[in-house]
Amino acid sequence: MQRHSAFKDSNKQRRNFLKKIGAGLTASVATPLLARVPDAPIPNSELLLSPISSPDEAYWEMVKKQFVIPEGRIMVNAANLCPSPHFVNERVAALARDLAGDVSFQSRAKLGVGRTEAMEQLAGYLNVPLKTIGITRNTSESNNIVVNGLDFQSRDEVLIWEQNHPTNHIAWQQRARRYGFRVKIFKLPADPANPEELLNTIAAAIGPQTRLIAFSHISNVSGLALPAKAICQLARERNIMSLVDGAQSFGFIDLDLQDMGCDFYTGSTHKWLMGPMENGVLYVREERMDQIWPNIIAAGWSEDHQTLDEKVCVLGQRNTPSTPAIADILSFHQTIGKANIEKRVRELNTYLKGQLREKLPQTEFVTPLAPELSGGVTIISLPGQDSRELFSQLYEQYGIAAAPTGGVRLCPHIYCTLEDVDKVVQALVELST
(Lines of atoms letter the chains of each structure in order from A and count residues from 1; the text may use other names and numbers.)
(Lines give C-alpha, C1' and ligand atoms only; values in the text may rest on other atoms or scores of the structure.)
Protein backbone atom coordinates (compact mmCIF):
# COMPACT_ATOMS: atom_id res chain seq x y z
CA MET A 1 0.00 0.00 0.00
CA GLN A 2 1.50 3.32 -1.08
CA ARG A 3 2.05 5.71 1.79
CA HIS A 4 0.55 9.19 1.77
CA SER A 5 3.12 11.81 0.76
CA ALA A 6 3.16 13.44 4.20
CA PHE A 7 4.72 10.31 5.70
CA LYS A 8 6.71 8.98 2.75
CA ASP A 9 10.00 10.37 4.06
CA SER A 10 10.02 9.26 7.69
CA ASN A 11 13.61 10.44 8.09
CA LYS A 12 12.60 13.96 7.04
CA GLN A 13 9.78 13.90 9.59
CA ARG A 14 12.19 12.79 12.27
CA ARG A 15 14.77 15.42 11.32
CA ASN A 16 12.17 18.17 11.48
CA PHE A 17 11.08 16.97 14.91
CA LEU A 18 14.64 16.84 16.18
CA LYS A 19 15.25 20.38 14.96
CA LYS A 20 12.43 21.43 17.26
CA ILE A 21 14.09 19.58 20.10
CA GLY A 22 17.15 21.75 19.74
CA ALA A 23 15.48 25.03 18.85
CA GLY A 24 12.36 24.92 20.99
CA LEU A 25 8.77 25.11 19.83
CA THR A 26 8.38 28.83 19.28
CA ALA A 27 10.10 32.02 20.35
CA SER A 28 7.84 32.03 23.39
CA VAL A 29 8.75 28.48 24.40
CA ALA A 30 12.48 28.09 24.92
CA THR A 31 12.14 24.70 26.62
CA PRO A 32 13.38 21.89 24.36
CA LEU A 33 10.75 19.36 23.36
CA LEU A 34 12.48 16.54 25.14
CA ALA A 35 12.93 18.37 28.43
CA ARG A 36 10.63 17.51 31.29
CA VAL A 37 11.18 20.81 33.11
CA PRO A 38 13.30 23.77 31.95
CA ASP A 39 15.95 23.43 34.67
CA ALA A 40 16.10 19.63 34.83
CA PRO A 41 17.56 18.12 31.64
CA ILE A 42 16.98 14.41 31.28
CA PRO A 43 20.08 12.21 31.40
CA ASN A 44 20.63 10.01 28.34
CA SER A 45 17.72 11.60 26.47
CA GLU A 46 19.79 11.08 23.32
CA LEU A 47 18.28 7.60 23.33
CA LEU A 48 15.23 9.25 21.80
CA LEU A 49 17.10 11.13 19.11
CA SER A 50 17.47 8.38 16.55
CA PRO A 51 15.35 5.50 15.27
CA ILE A 52 15.74 2.20 17.05
CA SER A 53 14.47 -1.16 15.85
CA SER A 54 14.20 -2.92 19.20
CA PRO A 55 13.75 -0.46 22.09
CA ASP A 56 14.81 -1.85 25.45
CA GLU A 57 13.55 -0.95 28.92
CA ALA A 58 16.10 1.88 29.23
CA TYR A 59 14.60 3.45 26.12
CA TRP A 60 11.08 3.29 27.54
CA GLU A 61 12.33 4.80 30.80
CA MET A 62 13.48 7.79 28.76
CA VAL A 63 10.10 7.95 27.04
CA LYS A 64 8.39 8.01 30.44
CA LYS A 65 10.51 10.98 31.45
CA GLN A 66 8.93 13.06 28.68
CA PHE A 67 5.75 13.13 30.76
CA VAL A 68 5.10 15.07 33.96
CA ILE A 69 3.56 12.19 35.90
CA PRO A 70 4.65 12.72 39.53
CA GLU A 71 6.39 10.07 41.59
CA GLY A 72 3.87 7.80 43.27
CA ARG A 73 1.35 7.98 40.43
CA ILE A 74 0.77 5.28 37.81
CA MET A 75 -1.53 6.07 34.90
CA VAL A 76 -3.28 2.99 33.49
CA ASN A 77 -6.37 4.72 32.15
CA ALA A 78 -5.41 5.31 28.53
CA ALA A 79 -8.84 4.19 27.32
CA ASN A 80 -10.32 7.31 28.94
CA LEU A 81 -7.59 9.98 29.02
CA CYS A 82 -3.84 10.04 28.55
CA PRO A 83 -1.30 12.54 29.81
CA SER A 84 0.53 14.45 27.10
CA PRO A 85 4.31 14.78 26.87
CA HIS A 86 5.70 17.94 28.41
CA PHE A 87 6.39 19.58 25.05
CA VAL A 88 2.75 19.21 23.95
CA ASN A 89 1.57 20.92 27.13
CA GLU A 90 4.14 23.68 26.57
CA ARG A 91 3.05 24.21 22.97
CA VAL A 92 -0.62 24.54 23.93
CA ALA A 93 0.19 26.86 26.84
CA ALA A 94 2.46 29.05 24.71
CA LEU A 95 -0.13 29.45 21.98
CA ALA A 96 -2.84 30.18 24.55
CA ARG A 97 -0.66 32.89 26.13
CA ASP A 98 0.06 34.34 22.72
CA LEU A 99 -3.64 34.42 21.87
CA ALA A 100 -4.50 36.04 25.19
CA GLY A 101 -2.07 38.84 24.38
CA ASP A 102 -3.20 39.40 20.80
CA VAL A 103 -6.65 38.31 19.58
CA SER A 104 -6.34 40.10 16.25
CA PHE A 105 -7.21 38.30 13.05
CA GLN A 106 -3.63 38.86 11.94
CA SER A 107 -2.17 37.14 14.99
CA ARG A 108 -4.67 34.30 14.91
CA ALA A 109 -3.75 33.49 11.33
CA LYS A 110 -0.77 31.47 12.55
CA LEU A 111 -3.17 29.16 14.41
CA GLY A 112 -4.74 28.37 11.06
CA VAL A 113 -1.30 27.51 9.71
CA GLY A 114 -0.78 25.22 12.70
CA ARG A 115 -4.13 23.54 12.08
CA THR A 116 -3.18 22.90 8.46
CA GLU A 117 0.11 21.35 9.55
CA ALA A 118 -1.77 19.13 12.00
CA MET A 119 -4.18 17.98 9.28
CA GLU A 120 -1.33 17.19 6.92
CA GLN A 121 0.33 15.11 9.63
CA LEU A 122 -2.95 13.34 10.42
CA ALA A 123 -3.51 12.46 6.78
CA GLY A 124 -0.03 11.00 6.57
CA TYR A 125 -0.36 9.18 9.87
CA LEU A 126 -3.56 7.47 8.67
CA ASN A 127 -2.39 7.18 5.03
CA VAL A 128 -5.38 8.93 3.48
CA PRO A 129 -5.82 11.99 1.20
CA LEU A 130 -5.78 15.31 3.03
CA LYS A 131 -9.22 16.30 1.74
CA THR A 132 -10.82 13.29 3.47
CA ILE A 133 -9.73 14.32 6.99
CA GLY A 134 -11.51 16.68 9.39
CA ILE A 135 -10.57 17.83 12.88
CA THR A 136 -13.53 17.70 15.25
CA ARG A 137 -13.61 18.08 19.03
CA ASN A 138 -13.62 14.37 19.97
CA THR A 139 -14.73 10.90 18.86
CA SER A 140 -18.24 11.58 20.14
CA GLU A 141 -18.67 14.51 17.78
CA SER A 142 -17.11 12.60 14.89
CA ASN A 143 -19.52 9.71 15.41
CA ASN A 144 -22.50 12.04 15.57
CA ILE A 145 -21.49 13.81 12.36
CA VAL A 146 -21.81 10.46 10.59
CA VAL A 147 -24.94 9.37 12.47
CA ASN A 148 -26.79 12.60 11.71
CA GLY A 149 -25.20 13.32 8.35
CA LEU A 150 -26.28 10.31 6.28
CA ASP A 151 -29.69 9.89 4.63
CA PHE A 152 -31.69 6.72 5.28
CA GLN A 153 -35.07 5.51 4.07
CA SER A 154 -37.68 3.82 6.26
CA ARG A 155 -36.80 0.40 4.83
CA ASP A 156 -33.09 0.79 5.60
CA GLU A 157 -31.26 -0.96 8.43
CA VAL A 158 -28.18 0.08 10.40
CA LEU A 159 -26.34 -2.78 12.09
CA ILE A 160 -24.55 -1.94 15.35
CA TRP A 161 -22.58 -3.89 17.96
CA GLU A 162 -24.12 -4.09 21.42
CA GLN A 163 -20.81 -2.91 22.95
CA ASN A 164 -20.60 0.28 20.89
CA HIS A 165 -20.03 3.54 22.73
CA PRO A 166 -23.29 5.48 23.32
CA THR A 167 -22.32 7.95 20.58
CA ASN A 168 -22.30 5.03 18.13
CA HIS A 169 -25.22 3.19 19.75
CA ILE A 170 -27.83 5.35 21.47
CA ALA A 171 -27.21 8.06 18.88
CA TRP A 172 -28.29 5.65 16.13
CA GLN A 173 -31.39 4.63 18.08
CA GLN A 174 -32.44 8.25 18.61
CA ARG A 175 -31.94 9.05 14.93
CA ALA A 176 -33.96 5.98 13.92
CA ARG A 177 -36.81 6.92 16.26
CA ARG A 178 -37.00 10.33 14.65
CA TYR A 179 -36.69 9.31 11.00
CA GLY A 180 -38.14 5.81 10.97
CA PHE A 181 -35.36 3.51 9.78
CA ARG A 182 -34.35 0.36 11.65
CA VAL A 183 -31.42 -0.27 13.99
CA LYS A 184 -30.42 -3.89 14.52
CA ILE A 185 -28.07 -4.82 17.36
CA PHE A 186 -25.75 -7.80 17.06
CA LYS A 187 -24.04 -9.64 19.91
CA LEU A 188 -20.68 -11.38 19.78
CA PRO A 189 -19.31 -14.33 21.78
CA ALA A 190 -17.73 -13.22 25.05
CA ASP A 191 -14.83 -15.63 24.60
CA PRO A 192 -14.46 -16.24 20.86
CA ALA A 193 -12.11 -18.91 19.60
CA ASN A 194 -10.64 -16.70 16.88
CA PRO A 195 -11.38 -13.60 14.76
CA GLU A 196 -13.13 -15.77 12.16
CA GLU A 197 -15.84 -16.63 14.70
CA LEU A 198 -16.50 -12.92 15.18
CA LEU A 199 -16.61 -12.28 11.44
CA ASN A 200 -19.00 -15.18 10.84
CA THR A 201 -21.34 -13.93 13.57
CA ILE A 202 -21.43 -10.47 12.00
CA ALA A 203 -21.95 -11.88 8.51
CA ALA A 204 -24.95 -13.84 9.77
CA ALA A 205 -26.47 -10.66 11.23
CA ILE A 206 -26.39 -8.78 7.91
CA GLY A 207 -29.78 -8.62 6.22
CA PRO A 208 -31.03 -7.58 2.78
CA GLN A 209 -31.82 -4.04 3.99
CA THR A 210 -28.56 -3.45 5.87
CA ARG A 211 -26.98 -0.25 4.59
CA LEU A 212 -24.34 0.42 7.23
CA ILE A 213 -22.48 -1.47 9.92
CA ALA A 214 -21.09 0.56 12.84
CA PHE A 215 -18.72 -0.96 15.37
CA SER A 216 -15.98 -0.15 17.86
CA HIS A 217 -12.58 -1.32 16.68
CA ILE A 218 -11.82 -2.23 20.30
CA SER A 219 -14.52 -2.31 22.97
CA ASN A 220 -14.09 0.05 25.90
CA VAL A 221 -16.31 -2.18 28.09
CA SER A 222 -14.73 -5.60 27.40
CA GLY A 223 -11.45 -4.96 25.60
CA LEU A 224 -12.49 -7.28 22.75
CA ALA A 225 -10.79 -6.29 19.49
CA LEU A 226 -12.68 -6.85 16.25
CA PRO A 227 -11.09 -7.77 12.89
CA ALA A 228 -11.80 -4.34 11.41
CA LYS A 229 -10.21 -4.91 8.01
CA ALA A 230 -12.12 -8.16 7.45
CA ILE A 231 -15.40 -6.59 8.57
CA CYS A 232 -14.92 -3.61 6.25
CA GLN A 233 -14.08 -5.94 3.37
CA LEU A 234 -17.22 -7.97 4.09
CA ALA A 235 -19.26 -4.76 4.08
CA ARG A 236 -17.83 -3.56 0.76
CA GLU A 237 -18.49 -6.93 -0.85
CA ARG A 238 -22.16 -6.52 0.10
CA ASN A 239 -22.35 -2.83 -0.83
CA ILE A 240 -22.70 -1.81 2.81
CA MET A 241 -21.03 1.22 4.39
CA SER A 242 -18.76 0.77 7.43
CA LEU A 243 -18.18 3.11 10.38
CA VAL A 244 -15.25 2.22 12.64
CA ASP A 245 -15.13 3.90 16.05
CA GLY A 246 -11.39 4.06 16.65
CA ALA A 247 -11.41 5.64 20.10
CA GLN A 248 -9.44 2.64 21.44
CA SER A 249 -7.19 2.08 18.42
CA PHE A 250 -6.22 5.55 17.13
CA GLY A 251 -2.78 6.35 18.54
CA PHE A 252 -2.03 2.78 19.60
CA ILE A 253 -2.43 0.54 16.54
CA ASP A 254 -0.20 1.15 13.52
CA LEU A 255 -3.13 2.23 11.35
CA ASP A 256 -3.48 2.47 7.59
CA LEU A 257 -7.07 3.39 6.76
CA GLN A 258 -6.64 2.75 3.04
CA ASP A 259 -5.63 -0.78 3.91
CA MET A 260 -8.47 -1.13 6.45
CA GLY A 261 -10.98 -0.14 3.78
CA CYS A 262 -13.53 1.60 6.02
CA ASP A 263 -15.92 4.29 4.79
CA PHE A 264 -15.81 6.27 8.04
CA TYR A 265 -13.31 6.31 10.90
CA THR A 266 -13.39 8.34 14.12
CA GLY A 267 -10.96 8.99 16.96
CA SER A 268 -9.78 11.41 19.65
CA THR A 269 -6.38 12.92 20.26
CA HIS A 270 -6.65 12.87 24.07
CA LYS A 271 -6.67 9.08 24.44
CA TRP A 272 -4.04 6.73 23.01
CA LEU A 273 -2.51 9.42 20.81
CA MET A 274 -1.52 11.29 24.02
CA GLY A 275 -2.26 14.59 22.31
CA PRO A 276 -4.07 17.79 23.25
CA MET A 277 -7.62 17.67 24.58
CA GLU A 278 -10.71 18.77 22.68
CA ASN A 279 -9.56 17.50 19.31
CA GLY A 280 -10.93 14.58 17.36
CA VAL A 281 -10.45 13.10 13.92
CA LEU A 282 -13.01 12.18 11.29
CA TYR A 283 -12.16 10.32 8.10
CA VAL A 284 -14.68 9.89 5.29
CA ARG A 285 -13.80 7.91 2.18
CA GLU A 286 -13.65 10.32 -0.74
CA GLU A 287 -16.56 8.77 -2.65
CA ARG A 288 -18.75 9.09 0.48
CA MET A 289 -18.03 12.76 1.16
CA ASP A 290 -20.99 14.02 -0.88
CA GLN A 291 -23.33 11.77 1.13
CA ILE A 292 -22.61 13.53 4.44
CA TRP A 293 -24.70 16.55 5.43
CA PRO A 294 -23.14 19.03 7.86
CA ASN A 295 -24.62 18.96 11.37
CA ILE A 296 -23.61 22.55 12.16
CA ILE A 297 -23.44 25.62 9.95
CA ALA A 298 -21.22 28.36 11.36
CA ALA A 299 -19.66 31.56 10.08
CA GLY A 300 -17.19 30.74 7.34
CA TRP A 301 -19.09 27.74 5.98
CA SER A 302 -19.68 27.69 2.24
CA GLU A 303 -21.37 25.50 -0.35
CA ASP A 304 -18.11 25.67 -2.26
CA HIS A 305 -16.27 23.42 0.20
CA GLN A 306 -13.56 21.24 -1.30
CA THR A 307 -12.55 19.24 1.75
CA LEU A 308 -14.25 17.30 4.51
CA ASP A 309 -12.93 19.72 7.11
CA GLU A 310 -14.54 22.65 5.28
CA LYS A 311 -17.81 20.75 4.91
CA VAL A 312 -18.50 19.38 8.38
CA CYS A 313 -15.92 20.86 10.79
CA VAL A 314 -16.73 24.58 10.59
CA LEU A 315 -18.13 24.63 14.12
CA GLY A 316 -17.74 28.19 15.33
CA GLN A 317 -15.12 29.38 17.80
CA ARG A 318 -12.87 26.53 18.89
CA ASN A 319 -10.05 26.01 21.38
CA THR A 320 -7.66 26.88 18.57
CA PRO A 321 -4.39 26.94 20.58
CA SER A 322 -4.63 23.20 21.20
CA THR A 323 -4.93 21.99 17.62
CA PRO A 324 -1.42 22.81 16.30
CA ALA A 325 0.05 20.58 19.03
CA ILE A 326 -1.42 17.57 17.20
CA ALA A 327 1.48 17.91 14.77
CA ASP A 328 3.96 17.72 17.65
CA ILE A 329 2.52 14.56 19.16
CA LEU A 330 2.37 12.93 15.73
CA SER A 331 6.05 13.77 15.20
CA PHE A 332 6.75 12.14 18.57
CA HIS A 333 4.95 9.00 17.38
CA GLN A 334 6.96 9.08 14.17
CA THR A 335 10.22 9.53 16.07
CA ILE A 336 9.55 6.52 18.29
CA GLY A 337 7.94 4.56 15.47
CA LYS A 338 4.27 3.61 15.12
CA ALA A 339 5.11 -0.08 15.06
CA ASN A 340 7.27 0.28 18.18
CA ILE A 341 4.40 1.96 20.03
CA GLU A 342 1.93 -0.77 19.14
CA LYS A 343 4.44 -3.47 20.04
CA ARG A 344 5.15 -1.84 23.41
CA VAL A 345 1.48 -1.45 24.36
CA ARG A 346 0.87 -5.09 23.49
CA GLU A 347 3.95 -6.11 25.47
CA LEU A 348 2.70 -4.25 28.55
CA ASN A 349 -0.74 -5.83 28.32
CA THR A 350 0.60 -9.33 27.74
CA TYR A 351 2.90 -8.89 30.73
CA LEU A 352 0.02 -7.56 32.83
CA LYS A 353 -2.19 -10.54 32.01
CA GLY A 354 0.63 -12.99 32.67
CA GLN A 355 1.50 -11.46 36.04
CA LEU A 356 -2.15 -11.43 37.11
CA ARG A 357 -2.53 -15.10 36.21
CA GLU A 358 0.62 -15.96 38.13
CA LYS A 359 0.27 -13.73 41.20
CA LEU A 360 -3.52 -13.56 41.39
CA PRO A 361 -4.84 -16.79 39.84
CA GLN A 362 -8.43 -16.09 40.88
CA THR A 363 -8.52 -13.15 38.47
CA GLU A 364 -11.45 -13.30 36.07
CA PHE A 365 -10.65 -11.75 32.70
CA VAL A 366 -13.42 -9.94 30.87
CA THR A 367 -10.94 -9.28 28.06
CA PRO A 368 -9.81 -12.25 25.92
CA LEU A 369 -6.27 -13.38 26.65
CA ALA A 370 -5.39 -14.00 22.99
CA PRO A 371 -3.42 -11.05 21.52
CA GLU A 372 -5.34 -11.22 18.23
CA LEU A 373 -8.61 -10.68 20.13
CA SER A 374 -7.50 -7.82 22.36
CA GLY A 375 -5.48 -4.62 22.27
CA GLY A 376 -4.49 -2.09 24.89
CA VAL A 377 -7.54 -2.55 27.11
CA THR A 378 -7.50 -5.21 29.86
CA ILE A 379 -10.59 -5.56 32.05
CA ILE A 380 -10.71 -7.88 35.05
CA SER A 381 -12.78 -8.68 38.11
CA LEU A 382 -11.90 -10.40 41.36
CA PRO A 383 -14.43 -12.84 42.84
CA GLY A 384 -16.22 -11.51 45.89
CA GLN A 385 -14.88 -7.98 45.46
CA ASP A 386 -16.67 -4.89 44.25
CA SER A 387 -14.91 -3.54 41.15
CA ARG A 388 -15.86 0.07 41.82
CA GLU A 389 -14.45 -0.19 45.34
CA LEU A 390 -11.24 -1.71 43.96
CA PHE A 391 -11.02 1.13 41.45
CA SER A 392 -11.26 3.67 44.28
CA GLN A 393 -8.78 1.85 46.51
CA LEU A 394 -6.20 1.59 43.72
CA TYR A 395 -6.05 5.36 43.46
CA GLU A 396 -6.59 6.37 47.07
CA GLN A 397 -4.12 3.87 48.55
CA TYR A 398 -1.65 3.29 45.71
CA GLY A 399 -1.91 6.28 43.37
CA ILE A 400 -2.97 4.06 40.46
CA ALA A 401 -5.44 5.64 38.02
CA ALA A 402 -7.62 2.92 36.49
CA ALA A 403 -11.33 2.88 35.54
CA PRO A 404 -14.42 1.02 36.83
CA THR A 405 -15.71 0.29 33.32
CA GLY A 406 -16.87 -3.30 32.84
CA GLY A 407 -14.92 -4.33 35.95
CA VAL A 408 -11.50 -2.89 36.75
CA ARG A 409 -10.12 -1.52 33.50
CA LEU A 410 -6.33 -1.35 33.21
CA CYS A 411 -4.76 0.30 30.16
CA PRO A 412 -0.99 0.86 30.38
CA HIS A 413 0.65 2.97 27.67
CA ILE A 414 4.21 3.83 26.64
CA TYR A 415 4.65 6.12 29.67
CA CYS A 416 4.36 2.98 31.84
CA THR A 417 7.25 0.65 32.58
CA LEU A 418 7.23 -3.05 33.40
CA GLU A 419 7.98 -2.00 36.97
CA ASP A 420 4.79 0.09 36.95
CA VAL A 421 2.83 -2.97 35.85
CA ASP A 422 4.40 -4.98 38.68
CA LYS A 423 3.22 -2.32 41.13
CA VAL A 424 -0.33 -2.48 39.76
CA VAL A 425 -0.40 -6.26 40.15
CA GLN A 426 1.08 -6.08 43.66
CA ALA A 427 -1.55 -3.52 44.67
CA LEU A 428 -4.32 -5.82 43.47
CA VAL A 429 -2.75 -8.74 45.34
CA GLU A 430 -2.68 -6.71 48.56
CA LEU A 431 -6.24 -5.46 48.09
CA SER A 432 -7.49 -9.00 47.52
CA THR A 433 -6.17 -10.35 50.83
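Using numbering that gives the first Met the number 0, you'd call the opening residue of the sequence shown number 0 and step up by one each time. Heads up, the beta-carbon is just placed ideally off N, CA and C, and yes, glycines get one too. A quick note: this is a predicted structure, and the numbers were derived from the prediction, not measured.
Sequence-distant residues of the same chain with beta carbon closer than 7 angstroms to residue i, five excluded per side
i	result
E140	G279
V182	V157, I159, W171, Q172 and A175
M118	L129, I132, I134 and D308
R408	A78, V376, I378, A401 and A402
Q305	K130
Y282	L125, V127, T131, I132, L256, F263 and Y264
Residues of its chain near residue i, where Cβ-Cβ distance is below 6 angstroms and the 5 sequence neighbours each way are ignored
i	result
N167	N142, A213 and D244
G406	V365, I378, I379, S380 and S386
F151	F180
R114	T322
P320	V91, L94, A95 and L98
V313	A297, G299 and W300
E363	S380
K358	V424 and V428
Status (buried if at least 16 other CB within 10 Å, exposed otherwise) for residue i
i	result
R284	buried
E418	exposed
P207	exposed
I295	exposed
T432	exposed
E89	buried
P82	buried
I51	exposed
F86	buried
D262	buried
P360	exposed
Q105	exposed
V102	exposed
P69	exposed
A324	buried
A192	exposed
Member of the options whose CA lies at the smallest distance from the CA of residue i
i	options	result
Q354	K422, M288, A400 and S330	K422
F185	V157, F263, P84 and P382	V157
E116	D327, I295 and P367	D327
F249	L351, H216 and L110	H216
Y58	V424, N163, L80 and N339	N339
Q65	I413, Q425, V420 and V424	I413
P275	N137, L351 and V424	N137
Q290	L110, L149 and R72	L149
W292	N147, R107 and G111	N147
Q392	G383, E429, F251 and K358	E429
H164	P191, A189, S221 and I205	S221
V145	L197, E196, G266 and P194	G266
M288	M240, L351 and A246	M240
beta-carbon residue i near the ligand MN non-hydrogen atom, thresh 7 angstroms
i	result
Y124	The ligand MN is not part of the structure shown, which contains no ligands of any sort.
Neighbourhood of residue i by C-beta, 8 angstroms cutoff - its chain only, sequence neighbours within 5 removed
i	result
T349	P370
T416	E56, W59, E60 and K63
I73	Y397, G398, I399, A400, C415, D419, K422 and V423
G71	G398
> Whole alpha helix (DSSP H) runs in the segment 282-334 with 4 or more residues, listed along the chain?
Replying inline: 307-311
> Can you give, in chain order, each stretch of the alpha helix (DSSP H) that sits fully within the segment 137-189 and has at least 4 residues?
Replying inline: 138-148 and 169-178
> Is the segment 129-140 touching the segment 334-347 in the sense that three or more CB pairs, one from each, lie closer than 8 angstroms?
Replying inline: no
> Unbroken beta strand (DSSP E) runs of length 3 or more, entirely within the segment 74-103: which are they?
Replying inline: none
>> Any contact between the segment 221-241 and the segment 197-211? By contact I mean 3 or more CB pairs, one from each, below 8 angstroms.
In response: yes
>> With three or more C-beta pairs closer than 8 angstroms as the rule, is the segment 220-229 touching the segment 197-207?
In response: yes
> Of all the beta strand (DSSP E) runs that stay within the bounds of the segment 224-264, which reach a length of 3 or more residues?
Replying inline: 240-244
> What are the uninterrupted segments assigned as alpha helix (DSSP H) that are 4 or more residues long and contained completely in the segment 336-416, given in chain order?
Replying inline: 337-358 and 386-397
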